[in-house]
Amino acid sequence: MARLMRSVRDLGLQPFDGREKFEADAALAVIVSQRIDPEFLRCSVLSASCPVVCVSEDDRFRNRLNATRAGVTALIPDPLDITELGSWLNSFDETRKPIPSIVIIDDDVVLSELYAAVLEASGMSVTIINDPMEAFDSIAMIRPDLILLDIEMPNVNGLELARVLRQSRSNLSTPILFLSAERNESRQQLARNIGGDDFISKPINLDRLTTIVQMRAERAIALKQIMESDSLTGLLNHARFKERLALEIERSSRTGSPLSVCILDIDKFKGINDRHGHQVGDKVIQTLSQTLTGGLRRTDVVSRYGGEEFGIILLDTDSTGAAVVMNRVRERFSGIALMGNEEEFCVTFSAGIAQNGLGSTANSTLALADLALYEAKHLGRNRVCIKG
1 MARLMRSVRD LGLQPFDGRE KFEADAALAV IVSQRIDPEF LRCSVLSASC PVVCVSEDDR
61 FRNRLNATRA GVTALIPDPL DITELGSWLN SFDETRKPIP SIVIIDDDVV LSELYAAVLE
121 ASGMSVTIIN DPMEAFDSIA MIRPDLILLD IEMPNVNGLE LARVLRQSRS NLSTPILFLS
181 AERNESRQQL ARNIGGDDFI SKPINLDRLT TIVQMRAERA IALKQIMESD SLTGLLNHAR
241 FKERLALEIE RSSRTGSPLS VCILDIDKFK GINDRHGHQV GDKVIQTLSQ TLTGGLRRTD
301 VVSRYGGEEF GIILLDTDST GAAVVMNRVR ERFSGIALMG NEEEFCVTFS AGIAQNGLGS
361 TANSTLALAD LALYEAKHLG RNRVCIKG
């Protein structure tokens, strides 16, 4: 129990001993050992209030089927794989799920504000563009998950604007839903042929609008995460991280808010692979990934930069504040007991931090962070250094 509690705490979560009184409906999840609930009776009761993770020595299909019938969300074989547990717990955390970003392009101010209010009430972030001539540049900055586009607009109609948007590779996979009173099926098909994903006829049923937009946006987010994510950790990949950094530095330059970049590297990682094998090395990378996502804010950007390196963008944070945060994560990670070749071992990392300044670019800021990382390694590893 003590090791499990510590492991959950290392993921940035607050564990409670379930043998004492607790409110299941207030919990992110409940972890139950099948040793104390062999027939899944307790799991069946708890599953009505929150996700249930069962730890079991029986990994056979029949036992998993019984667990499923009792409402168990996840069954993890014992001995417990803390990396798998962390992945499940992160998936239950609604606060870590991205908020769909929607752009409405419609010259009708009243209608666009009505649509926006309905979508925002359902938990989406909405930007309204009433002048279609401004849409291309605005979308390049916003990078929305979905675009709602009216067809009948002055100066440029929705079909023309959709063609312009699709000329940019960054917009090729962004869903476009057309809004129109058009009843002609051939014209509707034309709208789909040029890159429209759906056609919503006016007058618009607001409940149907919300359902379609939510479904399409969530699907687009899931697809984007697959395309942009590292397969081992689920974090942003190297290329997407650099794109995001360039956007955030540009935004920081406009707003004047600070931004810090951190590059960290697992210490003596080759020795871990040589001693314990590459599967254990992968577990180390996954554990650090979960420690980072659990220890940083939802707004911070975390990526697997390559190999055993990770890249982090700490928004609205100067280099001093970033060092405090990363030292806290470093101390937490270095205290996690990992298993390899039937022995426990601990791992550390070194990190370099740079803050963007006047005239900074993504490459120049990354170069400074790399210099800081080199200094941290040179000074003995397991530390955080700042440059710039």
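Under the UniProt record's numbering, the residue at position 147 of the sequence shown is numbered 147, and the numbers go up by one with no gaps. All C-beta atoms, glycine included, are put in the ideal place defined by N, C-alpha and C. Note that this is a predicted model, so its numbers are computed, not measured.
Here DSSP, grouped into helix, strand and coil, assigns V261 to strand. With contacts defined as CB atoms closer than 8 Å, D10 and I272 fail to qualify as a contacting pair. Sequence-distant Cβ neighbours of S257 in its own chain, meaning closer than 7 Å and more than five residues away, are D316. If you look at M339, you'll find it in the beta strand (DSSP E) that goes 338-340.
Between L368 and G388, the CB-CB gap stays under 8 Å. Beta-bridge annotation (DSSP): S201 is paired with S180. Counting only the Cα atoms, S49 lies some 37 Å from I200. The DSSP assignment places complete alpha helix (DSSP H) segments of no fewer than 4 residues inside the UniProt domain "GGDEF" (257-388) at 269-276, 278-295, 319-334, 362-378, in order along the chain. As a beta-bridge residue in DSSP terms, I76 pairs with V55. Within the same chain, Cβ atoms closer than 6 Å to the Cβ of L75 are found at C54, S56, R64, A67, the five residues on either side in sequence being excluded. Going by C-alpha positions, L247 is about 21 Å away from L264. In the displayed model, S168 falls within coil according to three-state DSSP, outside both helix and strand. In the three-state reduction of the DSSP assignment, S122 falls in the coil class, being assigned neither a helical nor a strand state.
V213 places its beta carbon less than 8 Å from that of L177.
For the 8 Å CB-CB criterion, I139 and S180 do not form a contact. In this structure, DSSP gives S101 an extended state, which the three-state scheme calls strand.
Its chain contains L232 as the residues whose beta carbon lies nearer than 8 Å to that of D282, once the 5 sequence neighbours on both sides are disregarded; these appear in chain order.
For L46, no beta strand (DSSP E) run applies; the uninterrupted alpha helix (DSSP H) run containing it begins and ends at 41-46, by DSSP.
In the DSSP assignment, S253 falls within the alpha helix (DSSP H) that extends over 238-255. The residue among D59, A70, F61 with its C-alpha nearest the C-alpha of V52 is A70.
DSSP, reduced to helix, strand and coil, places L146 within a strand of the structure shown.
Going by DSSP, I36 is part of no beta strand (DSSP E) at all; its letter is neither H nor E.
Rounded to the nearest whole angstrom, the C-alpha separation of K268 and A323 is 22 Å. With fewer than 16 other Cβ atoms inside 10 Å of its own Cβ, M141 counts as exposed. Exclusion of the five residues before and after G123 leaves I99 as the residues of its chain whose Cβ lies within less than 7 Å of its Cβ. Between Q279 and D318, the alpha-carbon positions lie close to 37 Å from each other. In the three-state reduction of the DSSP assignment, I82 falls in the helix class, which pools H, G and I.
Residue burial annotation: L358 is exposed, with fewer than 16 other C-beta atoms found within 10 angstroms of its C-beta.
For the pair A162 and I194, the CB atoms are nearer than the 8 Å cut-off. Its chain contains I266, F310, F333, V347, F349 as the residues whose beta carbon lies nearer than 8 Å to that of L288, once the 5 sequence neighbours on both sides are disregarded; these appear in chain order.
The beta-carbon distance between C385 and G352, rounded to whole angstroms, is 6 Å. This is short enough to meet the 8 Å contact definition.
For D10, the enclosing alpha helix (DSSP H) begins and ends at 2-10.
For C262, the closest of S173, P38, V329 by C-alpha to C-alpha distance is V329.
If the five residues before and after R216 are omitted, its C-beta is found closer than 6 Å to the C-beta atoms of L146, P175, all from its own chain and listed in chain order. Secondary structure of S231 (DSSP, three-state): coil.
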